[in-house]
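Q: If you scroll down you'll find the structure; I have some questions about it.
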Amino acid sequence: MFSSKLLVCLSAFSVVTAGYAAEPSGANRYNVLFIAVDDLRDDLNCFGSDWVESPNIDRLAKNGLSFTNHHVQVATCGASRFAMLTGLSPATSKMQGNNAFKTLARESDRAQTLPEVFRRSGYKTASIGKVSHSTDGKEFAYNGKGDGRDELPNAWDELPTEYGEWQRGWGLMFGYHGGVHREDGSGHKDLMEFVAEEDSELPDGLIADVAIKQLQKWKDERFFIGVGFIKPHLPFVATKGDWDAFKDKDIPLAPRQEHTDANYWHKSHEFFKYDAPYDDENPLSEENQLMNRRAYFACVRYVDRQIGRVLNELETLGLADETIVVLWGDHGWCLGDLQMWGKHSPYEEANRSPLIVRVPGYDSKVIDSPVETIDIFPSLLELCQPKDTATARPLDGVSFAQSAKTGKASRELAISYWARSISVRDDSFRLILDRDRKKPAELYKIQADGSSGRNIASTNPERIQSILTKMLKRKEMEQKDFAATVKASLGN
1 MFSSKLLVCL SAFSVVTAGY AAEPSGANRY NVLFIAVDDL RDDLNCFGSD WVESPNIDRL
61 AKNGLSFTNH HVQVATCGAS RFAMLTGLSP ATSKMQGNNA FKTLARESDR AQTLPEVFRR
121 SGYKTASIGK VSHSTDGKEF AYNGKGDGRD ELPNAWDELP TEYGEWQRGW GLMFGYHGGV
181 HREDGSGHKD LMEFVAEEDS ELPDGLIADV AIKQLQKWKD ERFFIGVGFI KPHLPFVATK
241 GDWDAFKDKD IPLAPRQEHT DANYWHKSHE FFKYDAPYDD ENPLSEENQL MNRRAYFACV
301 RYVDRQIGRV LNELETLGLA DETIVVLWGD HGWCLGDLQM WGKHSPYEEA NRSPLIVRVP
361 GYDSKVIDSP VETIDIFPSL LELCQPKDTA TARPLDGVSF AQSAKTGKAS RELAISYWAR
421 SISVRDDSFR LILDRDRKKP AELYKIQADG SSGRNIASTN PERIQSILTK MLKRKEMEQK
481 DFAATVKASL GN
């Protein structure tokens, strides 16, 4: 469920109806513009967080389908993107780490990934920025070592990412103003930097520039263009104007900060390895929490502007009426929630992320039933009807295309994974199970503000049993590890 605050916010500009225009007939019906945003929480103005400045994403939501109960498969970049691009659950693929793409075959009789389906169907395909795990679609380590082969074999016609001053893909990923980056050997690892005057002086501005040029180049083609923006991923880097807009802004602290009953709490190593502009503290003082939250939302403001530039070009070229636009956050991010700063956990704040889909002719809707990242793959196949839909492995996702028309649920549960945990979300509760059965189950009633609340597992055995019973219906029960966890939790 989503909060009454969210309902009010969305109803102000969203007409929720059951109507939709007639779809085009035949195969290869629509272009696809797929926008991935790294570490993007669903703290957006259009999702009820009124202190956030996200006018371009809000505009997309106003004319699209807003999935307010979307959850990723794994709360880390590489594994989440692997699940999205392959349509496979980690229960099937066994992939939960950033090296997942190395398991793809160099050659296959059938498509292994979403863009490969479209390419085999005659679409022109391009990846710009961080769509898979690497920031340019090529296999290189952070230090630049590697052979540069395509991270997604046979998926892309072009990998046109430009490096600018940052010289390579991972330079863009961890870039600062002036071509400096975390992996250049200089030791530069500031937690935040807001000195750039123009958008184009930073990597995401460059990514938007390339995306615009690609749209212009292929305006007369059927295309699948993936555009992956970096911010608000660490380090927090945006323009001076973005920081000025937030440095004194009144914003809330994370609603739930204590973590005494959270068995999967971590020390936020990714965050604390950066050099902060204050003495490191853990937990952070309220003043420093607010500084970091403002820095994060300054980055959201910056990346929203780049998204707007790309969407504006799509409209200028007259392509909006024949292009499905997907905006997807690759996972959430704890922004002081449970005294954590980062992803890498089975909790709500790390696994819930924004998913907005605009389909030509479809009325805007708010869909608050559970949906998973792996559902994107079959949904785009159903909506676009590419000519060649044969995949190397059966897809694990469930299409939400019919939900987009009716507003009715296509799933009862969304399931995520972290390390040895299984994290299960229904309309309003999250259940976390330990596959090794060494840690007790955790159950959270998701609050109106989207936070986890307190662990109420000990006082709600009936709710736990209800969720477990629904899990018995899942395809994942074919996997021994998953099935053993569910049955043991049920006492079978």
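First residue of the sequence shown? That's 1 in UniProt numbering, and the numbers climb one at a time after it. Glycine included, each C-beta is placed from N, C-alpha and C at the ideal position.
(1) Would you mind giving the Cβ-Cβ distance between phenylalanine 236 and leucine 202, rounded to the nearest angstrom? I have them listed as a contact below 8 Å.
(2) Report whether the distance from the Cβ of valine 37 to the nearest heavy atom of the ligand SAH is below 8 Å.
(3) Does DSSP classify alanine 126 as helix, strand or coil?
(4) May I have the straight-line CA-CA distance separating aspartate 38 from proline 232, to the nearest angstrom?
(5) Can you give me the start and stop residues for the alpha helix (DSSP H) that alanine 350 sits inside?
(6) With burial defined as no fewer than 16 other Cβ atoms inside 10 Å of the residue's Cβ, what is the status of asparagine 492: buried or exposed?
(7) Between which two residues does the alpha helix (DSSP H) containing tyrosine 296 stretch?
(8) With 16 other CB atoms within 10 Å as the buried threshold, where does alanine 196 fall?
(9) Alpha carbon to alpha carbon, what distance is there between glutamate 287 and glutamate 116?
(10) Going by other Cβ atoms of all chains shown within 10 Å of its Cβ, with 16 needed for buried, is alanine 298 buried or exposed?
(11) Could you give the residue range of the beta strand (DSSP E) that holds residue 494?
(12) On the DSSP bridge assignment, give the partners of asparagine 455 in chain order.
(13) Could you give the distance in angstroms between the alpha-carbon of serine 423 and the alpha-carbon of arginine 309?
(14) Considering residue 493, what are the terminal residues of the beta strand (DSSP E) in which it resides?
(15) Indicate the three-state DSSP secondary structure (helix, strand or coil) for alanine 21 in the structure shown.
(16) Would you mind listing the beta strand (DSSP E) stretches within the region 55-94 that are 3+ residues and don't spill past its ends, in chain order?
(17) Are the beta-carbon atoms of proline 378 and aspartate 426 separated by less than 9 Å?
(18) Contact defined as beta carbons within less than 8 Å: I believe asparagine 28 pairs with serine 121. What is the distance between those atoms, to the nearest angstrom?
(19) Note down the Cα distance separating phenylalanine 224 from alanine 100, rounded to an integer number of angstroms.
(20) Measure how close the beta-carbons of glutamate 349 and aspartate 337 come, nearest whole angstrom, since I'm counting them as under 8 Å.
(21) Could you name the residues that DSSP lists as bridge partners for glycine 137?
(22) Apart from the five residues just before and just after residue 525, which ones in its own chain have a Cβ nearer than 6 Å to its Cβ?
(23) On a Cα-Cα basis, can you pick out the residue from Ala392, Ser489, Ser268 and Ala254 that is closest to threonine 469?
(24) Hey, would you say serine 93 sits closer than 9 Å to phenylalanine 82, going by beta carbons?
(25) According to DSSP, is threonine 485 part of a helix, a strand, or is it coil?
(26) Just grab the DSSP bridge partners of methionine 192 for me.
(27) For valine 131, which residues of its own chain have a beta-carbon under 6 Å away from its beta-carbon, when the five flanking residues on both sides are left out?
(28) When we look at the beta-carbon of tyrosine 278 and count the other beta-carbons within 10 Å, is it buried (16 or more) or exposed?
(29) Check whether chain D comes within 9 Å of phenylalanine 174, counting only Cβ atoms and requiring the distance to be less than that.
(30) Buried or exposed: arginine 110, going by 16 or more other Cβ atoms within 10 Å of its Cβ?
(31) My output table needs one value for threonine 391: the three-state DSSP class, helix, strand or coil.
(32) Considering only the alpha carbon of each residue, which of Ser345, His71, Val326 and Ser364 lies closest to cysteine 384?
(33) I'd like to confirm the pairing. Which residues does DSSP put opposite alanine 323 in its beta bridges?
(34) Quick check: the Cα distance between arginine 305 and glutamate 53, rounded to an integer number of angstroms?
(35) Tell me where the alpha helix (DSSP H) around lysine 405 begins and ends.
(36) Aspartate 321 and glycine 87 - do their beta-carbons sit closer together than 9 Å?
A: Taking the definition as stated:
(1) At roughly 12 Å, the Cβ-Cβ gap does not stay under 8 Å, so phenylalanine 236 and leucine 202 are not in contact.
(2) No copy of the ligand SAH occurs in the structure displayed, which carries no ligand at all.
(3) strand
(4) 6 Å
(5) 348-351
(6) exposed
(7) 286-316
(8) buried
(9) 48 Å
(10) buried
(11) Residue 494 falls outside the range modelled here, since the chain spans only 1 to 492, and no answer is possible.
(12) Tyr444
(13) 36 Å
(14) Outside the shown range of the chain, which is 1 to 492, sits residue 493, and nothing can be said about it.
(15) Here the model assigns alanine 21 a pLDDT of 49, short of 50, so the residue's position is not dependable, and the following value carries that caveat. If DSSP states are grouped into helix, strand and coil, alanine 21 belongs with coil.
(16) 65-67
(17) no
(18) 6 Å
(19) 23 Å
(20) 4 Å
(21) In the DSSP output, where bridge partners are listed per residue, glycine 137 has none listed.
(22) The requested residue 525 is not part of the displayed model; the chain covers only 1 to 492.
(23) Ser489
(24) yes
(25) helix
(26) Phe236
(27) Ala36, Gly226 and Gly228
(28) exposed
(29) You won't find chain D in this structure, because it holds only one protein chain.
(30) exposed
(31) strand
(32) Val326
(33) The sequence given here places threonine at residue 323; alanine does not occur at that position. DSSP output for threonine 323 lists Asn31 as bridge partner(s).
(34) 10 Å
(35) 401-406
(36) no
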